[in-house]
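**Student:** Can you read through this structure? Questions will come right after.
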Amino acid sequence: MTNPLPSEASINKLVGHKFPGGSYTIAHWENFLLTECTGAEPLPDNLAHPVALFHVPILGAGTSIAEMFSLGQAEPGASIRIESYDWEFYKPLQEERPYDVSGVITSAERRQGRKRTFDRIQFQFDLHDEESDDPVARTIVTWLYRRSTQ
Amino acid sequence: MKIEPGYSIPPWDMPSVLAERMRTMAAILRDPYPVHWDRGVVEKMGLGRRTINQGPLGLSYMVNMLHEWMGCGCIKRLRMTFLLYVFEGDHVVARGRVNAIREENGERLADCDIWLDRINGEDRPLEGSATVLLNE
Numbered sequence: 001m002t003n004p005l006p007s008e009a010s011i012n013k014l015v016g017h018k019f020p021g022g023s024y025t026i027a028h029w030e031n032f033l034l035t036e037c038t039g040a041e042p043l044p045d046n047l048a049h050p051v052a053l054f055h056v057p058i059l060g061a062g063t064s065i066a067e068m069f070s071l072g073q074a075e076p077g078a079s080i081r082i083e084s085y086d087w088e089f090y091k092p093l094q095e096e097r098p099y100d101v102s103g104v105i106t107s108a109e110r111r112q113g114r115k116r117t118f119d120r121i122q123f124q125f126d127l128h129d130e131e132s133d134d135p136v137a138r139t140i141v142t143w144l145y146r147r148s149t150q
Numbered sequence: 001m002k003i004e005p006g007y008s009i010p011p012w013d014m015p016s017v018l019a020e021r022m023r024t025m026a027a028i029l030r031d032p033y034p035v036h037w038d039r040g041v042v043e044k045m046g047l048g049r050r051t052i053n054q055g056p057l058g059l060s061y062m063v064n065m066l067h068e069w070m071g072c073g074c075i076k077r078l079r080m081t082f083l084l085y086v087f088e089g090d091h092v093v094a095r096g097r098v099n100a101i102r103e104e105n106g107e108r109l110a111d112c113d114i115w116l117d118r119i120n121g122e123d124r125p126l127e128g129s130a131t132v133l134l135n136e
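Protein sequence lines correspond, in order, to chains F and X. Position 3 of the first sequence, counting from 1, maps to 3 under the working numbering, and the rest follow consecutively. Position 37 of the second sequence, counting from 1, maps to 37 under the working numbering, and the rest follow consecutively.
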């Protein structure tokens with residue numbers, strides 16, 4: 001099954017798109033379950049598992065995985081692939097500590113692969129400690145939106 | 001033991017990637033992508049009837065390796081490229097090697113190559129790099 005190819009202009013114009021921003025606090029239950037999913041024991045001293053740096057920025061910035069799919073006009077089914085993550089931790093993440101989160105699309109461009117066309121979209125999220133305003137982490141997420149038409 | 005370039009980080013073993021954990025993870029992430037919880041969708045992709053592990057979960061095995069090596073809170077930076085899918089039932093092992101040691105703001109840091117080996121497929125689904133605070 002093929003789907004209409006989104007215009008290249010509609011992809012390019014995503015650059016600079018800012019998410020609403022907001023606050024996120026990692027709950028103890030959430031960290032407990034998340035850590036268990038990784039196969040590790042609970043972390044000491046209220047530390048959150050660093051893998052929280054995937055969903056905390058997305059939800060904290062006031063968006064969702066579903067909206068990120070939709071912005072890139074993802075096709076139904078399994079059309080998204082992760083290209084890369086680049087995560088910087090200025091401080092370890094902690095449970096029950098509110099973080100201010102901002103997010104923006106920093107790159108959106110069409111690429112031609114060997115077999116198919118895809119759009120490469122890059123999102124950047126920044127976390128600050130809500131109390132001190134100190135930077136806590138930055139994450140850059142790059143996804144590939146594969147197209148069924150050339 | 002003093003850590004030097006060339007040092008191999010003790011590996012971290014995940015004997016079997018579990019579908020149940022992918023489902024819990026999908027709920028926590030609010031992840032609507034069905035390949036993580038619907039075997040039928042994966043089958044339609046021609047990839048067999050095993051769900052596909054979330055990228056962050058694959059990365060987390062390397063986090064666990066680094067934590068067991070240098071303690072929780074040791075990770076300064078992670079860069080990860082996703083080359084192949086990891087499926088439920090896969091046996092994967094996180095591995096790493098120290099490339100360089102440097103000082104920054106009074107801290108001793110190790111720049112490392114890290115990767116995930118699939119034992120049952122003899123391939124490497126994930127690879128990347130990490131900067132780790134050395135707590136020697």
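Built from N, CA and C at the ideal position, the CB exists for glycine as well. The structure presented is a predicted model; accordingly, all values stated were derived computationally and were not measured.
Along chain F, which residues have their Cβ under 8 Å away from the Cβ of Arg-95(X)?
**Tutor:** Position 95 of the second sequence, counting from 1, holds the residue named residue 95(X). The contacting residues do not exist; Arg-95(X) stays about 15 Å from chain F at best.
**Student:** Using a Cβ cut-off of 9 Å (strictly closer), state whether Ser-64(F) contacts chain X.
**Tutor:** For this step, residue 64(F) is matched to residue 64 along the first sequence. With 9 Å as the cut-off, Ser-64(F) counts as an interface residue toward chain X.
**Student:** Identify the residues that DSSP records as bridge partners of Tyr-24(F): which are they?
**Tutor:** The count along the first sequence starts at 1 and reaches residue 24(F) at position 24. In DSSP, Tyr-24(F) forms a bridge with Tyr-99(F).
**Student:** With distances taken from CA atoms, which of Leu-43(F), Leu-34(F), Leu-53(F), Ile-82(F) is nearest Arg-120(F)?
**Tutor:** Working through the first sequence from its first residue, we reach residue 120(F) at position 120. It is Ile-82(F) whose Cα lies nearest to the Cα of Arg-120(F).
**Student:** Between Met-70(X) and Asn-135(X), which are expected to be in contact by the criterion C-beta below 8 Å, what is the C-beta distance as a whole number of angstroms?
**Tutor:** Translated into positions along the second sequence, residue 70(X) becomes position 70. Translated into positions along the second sequence, residue 135(X) becomes position 135. The pair is a contact, with the Cβ atoms about 5 Å apart (cut-off 8 Å).
**Student:** Tell me whether Ala-94(X) sits in a helix, a strand or coil according to DSSP, three-state version.
**Tutor:** In the second sequence, residue 94(X) corresponds to position 94, counting from 1. Residue state, collapsed to three classes: strand.
**Student:** Can you say whether Gly-89(X) is buried or exposed, counting buried as having 16 or more other CB atoms within 10 angstroms of its CB?
**Tutor:** Stepping through the second sequence from its first residue, residue 89(X) is reached at position 89. With fewer than 16 Cβ atoms within 10 Å of its Cβ, Gly-89(X) is classed as exposed.
**Student:** List, in order along the chain, the chain X residues whose C-beta lies closer than 7 Å to that of Phe-32(F)?
**Tutor:** Working through the first sequence from its first residue, we reach residue 32(F) at position 32. Going along chain X, no residue has its Cβ under 7 Å from Phe-32(F), so there is no contact; the nearest lies around 10 Å.
**Student:** Could you pull out every unbroken beta strand (DSSP E) segment of at least 3 residues lying fully inside the stretch 18-66 of chain F, listed in chain order?
**Tutor:** For the stretch 18-66 of chain F, whole beta strand (DSSP E) runs of length 3 or above, ordered along the chain, are 22-25.
**Student:** Confirm the yes/no value for this check: CB of Pro-135(F), any heavy atom of the ligand ZN, distance under 8 Å.
**Tutor:** For the structure depicted, the ligand ZN is absent and the ligand set is empty, with no information on it obtainable.
**Student:** Have a look at Phe-123(F), Ala-61(F), Ile-65(F) and flag the residue whose alpha-carbon is nearest the alpha-carbon of Pro-98(F).
**Tutor:** One-based indexing of the first sequence puts residue 98(F) at position 98. Among Phe-123(F), Ala-61(F), Ile-65(F), the Cα nearest to that of Pro-98(F) is on Ala-61(F).
**Student:** Could you please give the first and the last residue of the uninterrupted beta strand (DSSP E) stretch that includes Ile-119(X)?
**Tutor:** Against the second sequence, residue 119(X) aligns to sequence position 119. Segment: none, Ile-119(X) is in no beta strand (DSSP E) and carries neither H nor E.
**Student:** Would a C-beta distance cut-off of 9 Å place Val-104(F) and Val-56(F) closer than the cut-off?
**Tutor:** Working through the first sequence from its first residue, we reach residue 104(F) at position 104. Working through the first sequence from its first residue, we reach residue 56(F) at position 56. Contact: no.
**Student:** Cys-112(X) to Pro-4(F), Cα distance in whole Å?
**Tutor:** Your numbering for residue 112(X) matches position 112 in the second sequence. Your numbering for residue 4(F) matches position 4 in the first sequence. About 43 Å.
**Student:** Against chain F, does Val-63(X) count as a neighbour if the rule is that its beta carbon must be under 9 Å from one of theirs?
**Tutor:** Residue 63(X) sits at position 63 when you count from the first residue of the second sequence. With 9 Å as the cut-off, Val-63(X) counts as an interface residue toward chain F.
**Student:** Three or more beta-carbon pairs under 8 Å between the stretch 85-94 of chain F and the stretch 91-108 of chain X, yes or no?
**Tutor:** With a cut-off of 8 Å, the stretch 91-108 of chain X and the stretch 85-94 of chain F do not count as touching, because too few Cβ pairs lie within range.
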